[in-house]
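J.: Encoded as structure tokens, here's the structure I'll be asking about.
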Amino acid sequence: MKIQSIRGTRDILPDQIQQWHYVYDILKRTSEKYGFEEYRTPIFEKTEVFKRSIGEETDIVNKEMYTFLDKGGDSITLRPEMTAAIVRSIIQNNLNQIHNIIRVWYFGPFFRYERPQKGRLRQFHQYGAELIGSPFPEADAEIIDLAISIINDFGIKDYQLLINSLGNSVSRQNYKSALVEYFNSNIEHLSQESKQRLISNPLRILDSKDPSEKDVISNAPSVLDYFDSESRDHFELVLELLKSSGINYEISPQLVRGLDYYSHTVFELRSNALGSQDSFAGGGRYDELFSQMGEKPTPAVGFAMGIERLLLILEQSALIPVFPSKIDFYIVIQSNDYLSFARKVANILRENGYKVIIELARRSFKSQMRDANKVQSKYAAIIGEQEFADNSVAIKNMETSEQIVYTLDNLQKTFKK
RNA sequence: GUGCUAUUAGCUCAGUAGGUAGAGCAUCAGAUUGUGGCUCUGAGGGUCGAGGGUUCGAGUCCCCCAUGGCACCCCA
């Protein structure tokens, strides 16, 4: 069988790379507008890092991690997400000892062992931002503001912002007990999977898609009724700040998210362009993560965005710009005897900063012209018998078909960048 | 991890009731003895995703594996 890449992984081919640069550039620029700085960490960590943060009972840790023993016998995991790694790094480098707010963003590959589907890969890319050091609702609002700003900068119009609050740890605990009690007394209406979740992670029952348990779920107690005053105030202020900056949202009491470390605000961005995997960004507040990692409590909010899913949306909405021609000059030679002269011409132009292609396959004159047209070169630099004899080159504008002969001196002077 | 579905030239796809493969585009070359895009002509390119089975004979039927897609699960 023909050699193949690993299931659920993809090559980014040269004709796609410009899209990736385009996406990266916008993410970078928008993040910087909010004062965020790029952060990079290794793509693997000790397995501990993810187990302790994401939660032992989550699917990500239970069945989706690429975990292996290295030659020293340590358990290593390819990162399934970034937040845990950044928190580890911040602790390690004592960045949270300084009393500043930390604003960072990242872009890179992540790994989850799942059955591939459209918009779901085993190696995928995420952008994300983390705002560390503020317990206040204005930080939540700032993060959501950044996410929306990115969406706007890409020109995406067709999306929904769903938001919810899980409350602080006290109110979440109260809510969880109430939920467990409720579902236990209605256990005959629950699916097999939800019965499992009742033990492992009862909150997750809420976003089940099984129609048979829709009724039990919609009659379940709502988080909103279990908030203490701190939780309620926090959530209300977040919503108020969003409203005042004109961000439309939809409160979704069933939104829970799959990572254990969230408290207070959680949110998700969804798009109809995506099908079943309709969420392309998600995040929330994780005030308890630092203490879970054995550090002094440090409040934080963040979110992540799936780049492949973002690209799907951009493609479907025709929001990817047409990129201009890559090549400035295509050197066309009449005979292979002119090769060293052609190289000289190419280097003059390259020294002036132009992108120059030279024939390497010994193809016919006609083929070279065709190729120059195909790669959308702006000019063809033609070297025929006459030009070779005169130490000159004919520069043909491929769009207008205008052609002017230059001596090498004039060429250098005329085409300066 | 479960179910359904697809897999034929580089790409998009035909392939009739099982009788050892075709088109368009792309590529290369020519029509055009110094000049691309349009048109025309020709050429190269496939052990029909891998393996096994039924059959005189399988791209076509059966099994299994791999990969993609859809749904579940979960998430970006």
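Counting from 669, one number per residue, gives the positions in the first sequence under the numbering used here. All C-beta atoms, glycine included, are put in the ideal place defined by N, C-alpha and C.
#1: Could you tell me the alpha carbon to alpha carbon distance between Ile759 and Phe997, rounded to whole angstroms?
#2: Where do the ends of the beta strand (DSSP E) carrying Val717 lie?
#3: I'd like to confirm the pairing. Which residues does DSSP put opposite Met973 in its beta bridges?
#4: Please look up how many angstroms separate the CB atoms of Phe935 and Leu829, rounded, as I've assumed it's under 8 Å.
#5: Could you compute how far the alpha carbon of Ala1057 sits from the alpha carbon of Asp821?
#6: Decide yes or no for the touch test of the region 941-952 against the region 914-922: beta carbon pairs closer than 8 Å, at least 3 of them.
#7: Which residues bound the alpha helix (DSSP H) around Arg932?
#8: Name the two residues that bound the continuous alpha helix (DSSP H) containing Ser845.
#9: For Asp808, does the count of other Cβ atoms within 10 angstroms reach 16, so buried, or fall short, so exposed?
#10: For the alpha helix (DSSP H) that Lys1034 lies in, which residues bound it at each end?
#11: Cα separation between Asn842 and Ile867?
#12: Taking C-beta to C-beta, are Val772 and Ser833 nearer than 8 Å?
#13: Please tell me whether, using a cut-off of 7 Å, the distance from the CB of Ser699 to the nearest non-hydrogen atom of the ligand SAM is below it.
#14: When burial is assigned at 16 or more other CB atoms within 10 Å of the CB, is Arg675 buried or exposed?
#15: For Leu746, which residues of its own chain have a beta-carbon under 7 Å away from its beta-carbon, when the five flanking residues on both sides are left out?
#16: Hey, Ser839 and Phe792: beta-carbon distance below 8 Å or not?
#17: Would you kindly check if the distance between the Cβ of Tyr1047 and the Cβ of Asn1059 is under 8 Å?
#18: Can you say whether Thr751 is buried or exposed, counting buried as having 16 or more other CB atoms within 10 angstroms of its CB?
#19: Please give the ranges of any beta strand (DSSP E) in the region 770-835, keeping only runs that are unbroken, at least 3 residues long and fully inside the region.
#20: Please go through the same chain and pick out, in chain order, the residues whose beta-carbon is closer than 7 Å to the beta-carbon of Lys1084, but skip the five residues on each side of it.
#21: Roughly how many angstroms lie between the CA atoms of Val663 and Gln794, to the nearest whole one?
#22: Would you mind giving the Cβ-Cβ distance between Ser985 and Ile824, rounded to the nearest angstrom? I have them listed as a contact below 8 Å.
#23: When the Cα of Ile812 is compared with those of Arg678, Ala888, Asp893 and Ala797, which residue comes out closest?
#24: Using 10 angstroms around the beta-carbon of Thr966, count the other beta-carbons present and answer buried if the total reaches 16, otherwise exposed.
#25: Considering only residues of the same chain and omitting the five flanking positions on each side of Glu963, which have a CB-CB separation below 6 Å?
#26: For the beta strand (DSSP E) that contains Thr735, what are its first and last residues?
#27: Is it right to say His689 is buried, meaning 16 or more other beta carbons lie within 10 angstroms of its own, or is it exposed?
#28: When the Cβ atoms of the region 988-1003 are set against those of the region 1030-1047, are three or more pairs found closer than 8 Å?
#29: Count the other C-beta atoms from every protein chain shown that fall within 10 angstroms of the C-beta of Leu1017, then say buried if there are 16 or more, exposed otherwise.
#30: Can you tell me where the alpha helix (DSSP H) holding Phe1056 begins and where it ends?
#31: Counting C-beta neighbours from all protein chains within 10 Å, is the total for Thr726 16 or more, i.e. buried, or is it exposed?
#32: If you draw a straight line from the C-alpha of Lys1023 to the C-alpha of Ile1063, how long is it?
#33: What is the C-beta distance between Val924 and Asp875, in whole angstroms, given that I count them as a contact (C-beta under 8 Å)?
#34: Cβ of Arg938 within 8 Å of Cβ of Tyr850?
#35: Judging by CA-CA distance, which residue of His902, Thr677 and Ile819 is the nearest neighbour of Pro803?
#36: Give the DSSP bridge partners of Leu927, in chain order.
T.: This is what the structure holds:
#1: Position 91 of the first sequence holds residue 759. Position 329 of the first sequence holds residue 997. Taking the straight line from one Cα to the other gives about 52 Å.
#2: As a working mapping, residue 717 is identified with position 49 in the first sequence. Here Val717 belongs to no beta strand (DSSP E); instead the alpha helix (DSSP H) covers Thr715 to Ile722.
#3: For the purposes of this step, residue 973 is taken as the residue at position 305 of the first sequence. Note: Met973 sits in a beta bridge opposite Tyr795 and Ala949.
#4: Locating residue 935 in the first sequence gives position 267, where the first residue counts as 1. Locating residue 829 in the first sequence gives position 161, where the first residue counts as 1. The Cβ separation is near 6 Å, so the contact holds.
#5: As a working note, residue 1057 is residue 389 in the first sequence. As a working note, residue 821 is residue 153 in the first sequence. Approximately 54 Å, taken between the alpha carbons.
#6: no
#7: Counted from its first residue, the first sequence places residue 932 at position 264. Before going further, note that residue 932 is His rather than Arg in the sequence given. Note, His932: premise wrong, no alpha helix (DSSP H); beta strand (DSSP E) at Ser931 to Arg938.
#8: Taking the first sequence and counting its residues from 1, the one referred to as residue 845 is at position 177. Ser845 -> alpha helix (DSSP H) spans Ser837 to Ser853.
#9: Here residue 808 corresponds to residue number 140 of the first sequence, with the count starting at 1. Looking at its Cβ environment, which holds 16 or more other Cβ atoms inside 10 Å, Asp808 is buried.
#10: Mapped onto the first sequence, residue 1034 falls at position 366. Where Lys1034 is concerned, the enclosing alpha helix (DSSP H) stretches over Phe1033 to Lys1042.
#11: Working through the first sequence from its first residue, we reach residue 842 at position 174. Working through the first sequence from its first residue, we reach residue 867 at position 199. Each residue's Cα considered, the two are about 16 Å apart.
#12: Position 104 of the first sequence, counted from the start, is the residue given in the question as residue 772. Position 165 of the first sequence, counted from the start, is the residue given in the question as residue 833. It is not a contact, given that the beta carbons lie outside the stated cut-off.
#13: Ligands are entirely absent from the displayed structure, and the ligand SAM is therefore not among its contents.
#14: Within the first sequence, residue 675 is the residue found at index 7, counting from 1. Answer is exposed; the Cβ neighbour count stays below 16.
#15: The residue given as residue 746 occupies position 78 in the first sequence. Excluding positions up to five away in sequence, the list reads Ile711, Phe712, Tyr734 and Phe779.
#16: As a position in the first sequence, residue 839 is number 171, starting the count at 1. As a position in the first sequence, residue 792 is number 124, starting the count at 1. Result no, Cβ atoms of Ser839 and Phe792 do not sit closer than 8 Å.
#17: Counting from one through the first sequence, the residue named residue 1059 turns up at place 391. Counting from one through the first sequence, the residue named residue 1047 turns up at place 379. The criterion of a C-beta distance shorter than 8 Å is not satisfied by Asn1059 and Tyr1047.
#18: For this step, residue 751 is matched to residue 83 along the first sequence. It counts as buried.
#19: 770-779, 791-800 and 828-833
#20: As a first step, residue 1084 must be located in the first sequence, where it is residue number 416. Asn1020.
#21: Nothing in the structure corresponds to residue 663, since the chain is present only between 669 and 1085.
#22: Along the first sequence, read from residue 1 onward, the residue named residue 985 stands at position 317. Along the first sequence, read from residue 1 onward, the residue named residue 824 stands at position 156. With 8 Å as the limit, Ser985 and Ile824 qualify as a contact, their Cβ atoms being about 7 Å apart.
#23: The residue labelled residue 812 in the question sits at position 144 within the first sequence. Nearest C-alpha to Ile812: Ala797.
#24: The residue given as residue 966 occupies position 298 in the first sequence. With 16 or more other Cβ atoms from the protein chains shown falling within 10 Å of its own Cβ, Thr966 counts as buried.
#25: Here residue 963 is taken as the residue at index 295 of the first sequence, counted from 1. Taken in chain order, the residues that qualify are Ile759.
#26: Residue 735 sits at position 67 when you count from the first residue of the first sequence. Looking at the DSSP string, the run of the beta strand (DSSP E) that includes Thr735 is Tyr734 to Leu737.
#27: Within the first sequence, numbered from 1, the residue matching residue 689 stands at position 21. Answer is exposed; the Cβ neighbour count stays below 16.
#28: The region 988-1003, when compared against the region 1030-1047, does touch it at the 8 Å Cβ threshold.
#29: By one-based count along the first sequence, residue 1017 stands at place 349. By the 10 Å Cβ count, Leu1017 comes out buried.
#30: Working through the first sequence from its first residue, we reach residue 1056 at position 388. Its alpha helix (DSSP H) spans residues Glu1053 to Asp1058.
#31: Within the first sequence, residue 726 is the residue found at index 58, counting from 1. Its Cβ being crowded by 16 or more others within 10 Å, Thr726 is buried.
#32: As a working note, residue 1023 is residue 355 in the first sequence. As a working note, residue 1063 is residue 395 in the first sequence. About 15 Å.
#33: The count along the first sequence starts at 1 and reaches residue 924 at position 256. The count along the first sequence starts at 1 and reaches residue 875 at position 207. Rounded, the Cβ-Cβ distance is 6 Å, consistent with contact.
#34: Taking the first sequence and counting its residues from 1, the one referred to as residue 938 is at position 270. Taking the first sequence and counting its residues from 1, the one referred to as residue 850 is at position 182. No, these two residues do not count as a Cβ contact at 8 Å.
#35: By one-based count along the first sequence, residue 803 stands at place 135. The residue with the shortest Cα to Cα distance from Pro803 is His902.
#36: Reading the first sequence from its first residue, position 259 is the one you call residue 927. Paired residues: none, contrary to the question.
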